[in-house]
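Report on the following structure.
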């Protein structure tokens, strides 16, 4: 048996501190999504270490791309883009023990209203963005596109 030097022991300790596990966040849609209906989402928060969740915000964003006639279409030009927050939920989760997993269901309404403009084509894209803030750990974000 050989004794390890204090220097190599310090390196191993610092390496373990540097590779501390972090909480993970993911989101998945449940079922089909239809305009004018509600979108069901399942939010997962995995905590490999003790952590306190300050808050969790789930946003459904809608991006409209309007392809119109240049000059004649209310000054929109050939292409006009606009991103808006369609709906959002906000929750406070609290303390999670090491090795635990928290699941939460969010219900977000999907608006079916479109702007009243004269256009050749309107392209609508929905995207869910999640932000989970932790106390004593970095904020985690994730996003997923939603087909409506």
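Numbering (my numbering), first residue to last: 212 to 359. Glycine included, C-beta positions come from ideal geometry on N, C-alpha and C.
Query	Result
Nearest candidate by alpha-carbon position, reference residue 318, set 263, 347, 335, 238	238
Residue 232 in three-state terms, based on DSSP	coil
Assigned exposure category for residue 301 - 16 Cβ within 10 Å defines buried	exposed
C-beta atoms of residue 217 and residue 355 nearer than 8 Å	no
Residue 267 burial status per 10 Å Cβ neighbour count (16 or more: buried)	buried
Range of the contiguous beta strand (DSSP E) that encloses residue 304	From DSSP, residue 304 is part of no beta strand (DSSP E); its letter is neither H nor E.
Where residue 260 falls: helix, strand or coil (DSSP)	coil
C-alpha gap between residue 282 and residue 308, whole angstroms	Reliability of the predicted coordinates at residue 282 is poor, the pLDDT of 46 falling under 50, and the value obtained from them is presented with this limitation in mind. So the alpha carbons of these two residues sit roughly 60 Å apart.
Per-residue burial, residue 221 [other beta carbons within 10 Å of its own, 16 or more giving buried]	exposed
Same chain, Cβ closer than 8 Å to residue 345, five either side skipped, listed in chain order	234, 262, 263, 264, 265, 351
DSSP-derived helix/strand/coil call for residue 221	helix
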